[in-house]
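Heads up: the sequence lines are chains A and B, in that order. Quick note on numbering: my numbering labels position 69 of the first sequence as 136, and the sequence is numbered without any gaps. Quick note on numbering: my numbering labels position 126 of the second sequence as 309, and the sequence is numbered without any gaps. Even glycine gets a Cβ: it sits at the ideal position worked out from N, Cα and C. Predicted, not measured: the structure shown is a model, and the values here were computed from it. One structure is given here, and the rest of the page talks about it.
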Amino acid sequence: MTSYIFKRSLQSLLVLVIMSLIVFSGVNLVGDPVDMLVNPEADQMEIERVIKDLGLDKPITEQYWYFVTNAFQGDLGRSFIFGEPALKLIVQRMPATIELALFSLFIAIIFGIPLGMYAGLKPNTRVSRTIMASSILGFSMPTFWVGILLIMFFAVYLGWLPSTGRGELGSFMGVQSSLFTLDGLSHVFLPAFNLALFKMSSIIRLTRAGTREIILQDYITFARSKGISETRVVMVHVLRNILIPIVTVIGLEFGSLIAFSTVTETVFAWPGMGKLIIDSIYNLDRPVIVAYLLIIVTFFVFLNLFVDILYSILDPRVRVKETRE
Amino acid sequence: MTGNFKRISDFWTDFSANKIALISLLIFFAIVFVAVFAPIVSPTNPYDLSSVDIMDSRLPPGSTNYSGQIFLLGTDGAGRDMLSSIFYGLRVSLGVGALSGVIALTIGSFFGVSAAFFRGKYETIVMRIVDIQLSFPSILVALIIIAAFGKGIEKTMIALILVQWAYYARTARASALVEMNKEYIDAARCLAFGNTRIMFKHILPNCLAPLIVVGTLQTAHAISLEATLSFLGLGLPVTEPSLGLLIGNGFEYMYSGDFWISIFPGVALLITVGSINLVGDHLRDMFNPRLH
Numbered sequence: 068m069t070s071y072i073f074k075r076s077l078q079s080l081l082v083l084v085i086m087s088l089i090v091f092s093g094v095n096l097v098g099d100p101v102d103m104l105v106n107p108e109a110d111q112m113e114i115e116r117v118i119k120d121l122g123l124d125k126p127i128t129e130q131y132w133y134f135v136t137n138a139f140q141g142d143l144g145r146s147f148i149f150g151e152p153a154l155k156l157i158v159q160r161m162p163a164t165i166e167l168a169l170f171s172l173f174i175a176i177i178f179g180i181p182l183g184m185y186a187g188l189k190p191n192t193r194v195s196r197t198i199m200a201s202s203i204l205g206f207s208m209p210t211f212w213v214g215i216l217l218i219m220f221f222a223v224y225l226g227w228l229p230s231t232g233r234g235e236l237g238s239f240m241g242v243q244s245s246l247f248t249l250d251g252l253s254h255v256f257l258p259a260f261n262l263a264l265f266k267m268s269s270i271i272r273l274t275r276a277g278t279r280e281i282i283l284q285d286y287i288t289f290a291r292s293k294g295i296s297e298t299r300v301v302m303v304h305v306l307r308n309i310l311i312p313i314v315t316v317i318g319l320e321f322g323s324l325i326a327f328s329t330v331t332e333t334v335f336a337w338p339g340m341g342k343l344i345i346d347s348i349y350n351l352d353r354p355v356i357v358a359y360l361l362i363i364v365t366f367f368v369f370l371n372l373f374v375d376i377l378y379s380i381l382d383p384r385v386r387v388k389e390t391r392e
Numbered sequence: 184m185t186g187n188f189k190r191i192s193d194f195w196t197d198f199s200a201n202k203i204a205l206i207s208l209l210i211f212f213a214i215v216f217v218a219v220f221a222p223i224v225s226p227t228n229p230y231d232l233s234s235v236d237i238m239d240s241r242l243p244p245g246s247t248n249y250s251g252q253i254f255l256l257g258t259d260g261a262g263r264d265m266l267s268s269i270f271y272g273l274r275v276s277l278g279v280g281a282l283s284g285v286i287a288l289t290i291g292s293f294f295g296v297s298a299a300f301f302r303g304k305y306e307t308i309v310m311r312i313v314d315i316q317l318s319f320p321s322i323l324v325a326l327i328i329i330a331a332f333g334k335g336i337e338k339t340m341i342a343l344i345l346v347q348w349a350y351y352a353r354t355a356r357a358s359a360l361v362e363m364n365k366e367y368i369d370a371a372r373c374l375a376f377g378n379t380r381i382m383f384k385h386i387l388p389n390c391l392a393p394l395i396v397v398g399t400l401q402t403a404h405a406i407s408l409e410a411t412l413s414f415l416g417l418g419l420p421v422t423e424p425s426l427g428l429l430i431g432n433g434f435e436y437m438y439s440g441d442f443w444i445s446i447f448p449g450v451a452l453l454i455t456v457g458s459i460n461l462v463g464d465h466l467r468d469m470f471n472p473r474l475h
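Right, dumping it as structure tokens:
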């Protein structure tokens, strides 16, 4: 187990190094780093100061070292647009994104797992066919377009729910979130539902596939022949065994929700870090872009590491296989 | 030859048993036809400035202008006929999707088959890269490329190829591993055929079925991703308006109630991606031995 975690952590570290190299070379080799990292409106003095600060007059290997050590100290440069440290800007907007992602994950799970299990247990009923057809629809509809439809119907036509912003924030145990006020909830609902739709489809399909395979296993037949009630067979024997792949996927999906929230946040003008990165790409606010990429990649690498370790605890076969390799 | 023909006709019988998949396939062919012949089937050329009149801007669907021209799906903010814009947009979206799909398929199956063929360290390294890449969601991979290297048509293509190749590599390796254990590979080796010949003339053709399934689903995904990027203004340039860009253009008019400008391109995108997905989904069920 320890050797597995060690090997896996080493791999994560390697990915981080490679990613930092890609981001670094994207900024430093493809274009002129002075153009990219110095505010275009800066004067000559300012330019020289930044060049010295970032070590742009040094050889490239030394520059990379500067970049990494600065990053480790949390210094990722200042935003051209806001004039604030890039890291601070992103951290400020992070709670909005996480709250949106969590709420969508919640929606996706509470609808996805029951619907998927139903479709897997009774694959030939009309309801199941409808569930599966809608899940394909959910896969096929691009998130941003569904967002537009939701705004058009619920905000413009019916006027029930607001379509932009985060609404009033409530405070609970020191955490500020829109989830704690009614106004905030009404703001979060549309974007969260929009973001959840795609994930819901994949959870439905995954749950259904798992259920269909497990229902044919000998231990299910055995459980039924023991006279265990169908509810118990489904809730304990089936549900528990489909949970392993689903937990992994939900873990990974959370990351992908954060990534896809860039789109939803742009459509719904949700003030999270996804909207920040899109705006920054528009405005060529490179310090923010670089900081965002580094943060999100680190986040993903750790998330994957966590899911893999969790997975190896849930399913011992994984770690035996991996250690042998 | 007759054997081949029988296989194809058996396949067709199996495929057409599912009416939804059959209809989807027909719809898809119709879309491809429209996309390929867009200049001929479109009522107007939306990018020919002489035929576009700003006086016709934001006309609702079905209206006629003073010279008697009918706009079935209305016009956009610049007075372009939406129907024609959609036909031209389909052309760009499908073209980018198909081209990136073919390149990714080539790269992916090369690495997948060769990994299964040579095994050892090479296979471990290739598959690790695939695993790592697949752990990042497609939109993030695309954002990393575009954020680090800038916007542009070639960056969009690179991003679309990058997000797809790993799926092909994984699929190609899995089915090539099965093929490697079969007798005809031993026979080919006895005949002293070269590695390249065995890999690409013997193994690869036998891995095509699962690759096609992944290919249909991935192409749909690529089209949708390109639309998303273009909608965000990070994809194709304005000179190559794809469906995503049309939807994005319509987004600003939506609050004033001009729904058709962004709804109809979206419907076209949905039908395209949906029909490909339905066909791919059925193909996957057909090739999945566990369901039979």
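Reference residue i; option with closest CA among the options
| i | options | result |
| --- | --- | --- |
| F327 of chain A | A:I344, A:V314, A:I313, A:I176 | A:I344 |
| R272 of chain A | A:I309, A:G322, A:R353 | A:I309 |
| I218 of chain A | A:L257, A:L182, A:L360 | A:L257 |
| S268 of chain A | A:V355, A:F211, A:M86, A:G179 | A:G179 |
| L282 of chain B | B:T339, B:F216, B:S246 | B:T339 |
| T315 of chain A | A:L377, A:S87, A:F173 | A:L377 |
| V346 of chain B | B:L429, B:S199, B:I290 | B:I290 |
| A352 of chain B | B:A371, B:T307, B:I327 | B:T307 |
| A204 of chain B | B:W348, B:L461, B:N471, B:M469 | B:L461 |
| P398 of chain B | B:A287, B:F319, B:N364, B:A331 | In the sequence as displayed, the identity of residue 398 of chain B is Gly instead of Pro. When each option's Cα is compared against that of G398 of chain B, the closest is B:A287. |
| L182 of chain A | A:R160, A:A276, A:D285, A:I72 | A:A276 |
| V303 of chain A | A:I317, A:I313, A:I287, A:T164 | A:I287 |
| S276 of chain B | B:V313, B:I214, B:T354, B:N228 | B:I214 |
| I322 of chain B | B:S413, B:N364, B:K365 | B:S413 |
| P152 of chain A | A:L370, A:I380, A:D352, A:D110 | A:D352 |
| G226 of chain A | B:Y438, B:G284, B:I253 | B:Y438 |
Chain A residues whose Cβ lies nearer than 9 angstroms to that of residue i
| i | result |
| --- | --- |
| F198 of chain B | In chain order: nothing, as chain A lies at least about 17 angstroms away. |
| I430 of chain B | P209, F211, W212, I215 |
| Y436 of chain B | Chain A residues near Y436 of chain B: none, gap ~11 angstroms exceeds 9 angstroms. |
| A218 of chain B | Going along chain A, no residue has its Cβ under 9 angstroms from A218 of chain B, so there is no contact; the nearest lies around 17 angstroms. |
| A403 of chain B | F206, S207 |
Within chain B, partners of residue i - CB distance below 7 angstroms
| i | result |
| --- | --- |
| W337 of chain A | Near W337 of chain A there are no residues of chain B at all, since even the closest Cβ is about 14 angstroms away, more than 7 angstroms. |
| S323 of chain A | P320 |
| T333 of chain A | L415 |
| I165 of chain A | Per Cβ cutoff of 7 angstroms: no residues; I165 of chain A is ~16 angstroms from chain B at best. |
| A326 of chain A | P320, I322, L323 |
8 angstroms Cβ cut-off: residues of chain A touching residue i
| i | result |
| --- | --- |
| S407 of chain B | S207, P209 |
| A370 of chain B | Correct list: empty, because the minimum Cβ distance to chain A is about 31 angstroms. |
Within 8 angstroms, strictly: CB atoms of residue i and residue j
| i | j | result |
| --- | --- | --- |
| E409 of chain B | L453 of chain B | no |
| V364 of chain A | L319 of chain A | no |
| V90 of chain A | L361 of chain A | yes |
| S207 of chain A | A403 of chain B | yes |
| A359 of chain B | F300 of chain B | yes |
| R356 of chain B | G295 of chain B | yes |
| G294 of chain A | L167 of chain A | no |
| D259 of chain B | I444 of chain B | yes |
| A200 of chain B | I348 of chain A | no |
| S318 of chain B | F367 of chain A | yes |
Within chain B, the residues that residue i reaches when beta carbons sit closer than 8 angstroms
| i | result |
| --- | --- |
| Y349 of chain A | G416 |
| T329 of chain A | I322, L326, L415 |
| I203 of chain A | G457, N460, L461, D464 |
| I89 of chain A | I327, A331 |
Chain-ordered chain B contacts of residue i [CB-CB under 9 angstroms]
| i | result |
| --- | --- |
| V82 of chain A | I315, S318 |
| I270 of chain A | Within 9 angstroms Cβ-Cβ: nothing; I270 of chain A doesn't reach chain B, min ~15 angstroms. |
Check: residue i C-beta below 7 angstroms from any heavy atom of the ligand MG
| i | result |
| --- | --- |
| D142 of chain A | With respect to the ligand MG, the structure shown offers nothing to examine, as it has no ligands at all. |
Output the residue ranges of the alpha helix (DSSP H) runs that lie fully inside the region 275 to 320 of chain B and measure 4 residues or longer, sorted by chain position.
303 to 317
Taking any Cβ of chain A, which residues in the region 316 to 330 of chain B have a Cβ under 8 angstroms from it, in chain order?
S318, F319, P320, I322, L323, L326, I327, I329, A330
For the region 441 to 471 of chain B, which residues have a beta carbon sitting closer than 7 angstroms to at least one beta carbon of chain A?
F442, S445, G449, L452, L453, V456, G457, N460, L461, D464
Under 7 angstroms, CB to CB, which of the residues in the region 364 to 375 of chain A have a partner in chain B?
Per Cβ criterion, the list reads F367, N371.
Which residues of the region 407 to 422 of chain B have a Cβ closer than 8 angstroms to any Cβ of chain A? Give them in chain order.
S407, A410, T411, F414, L415, G416, L417
According to a CB-to-CB cut-off of less than 8 angstroms, which residues of the region 286 to 304 of chain A neighbour chain B?
none
Taking only runs that begin and end inside the region 163 to 241 of chain A, name each unbroken beta strand (DSSP E) of 3 or more residues, in chain order.
237 to 239
Whole runs of the alpha helix (DSSP H) within the region 282 to 332 of chain A, excluding any shorter than 4 residues:
285 to 292
Any C-beta of chain B within less than 8 angstroms: which residues of the region 120 to 152 of chain A qualify?
none
Unbroken alpha helix (DSSP H) runs of length 4 or more, entirely within the region 391 to 426 of chain B: which are they?
391 to 414
Scan the region 315 to 351 of chain B and note each continuous alpha helix (DSSP H) run of 4 residues or more that stays entirely inside, going in chain order.
DSSP runs (the alpha helix (DSSP H)) wholly in the region 315 to 351 of chain B: 321 to 332.
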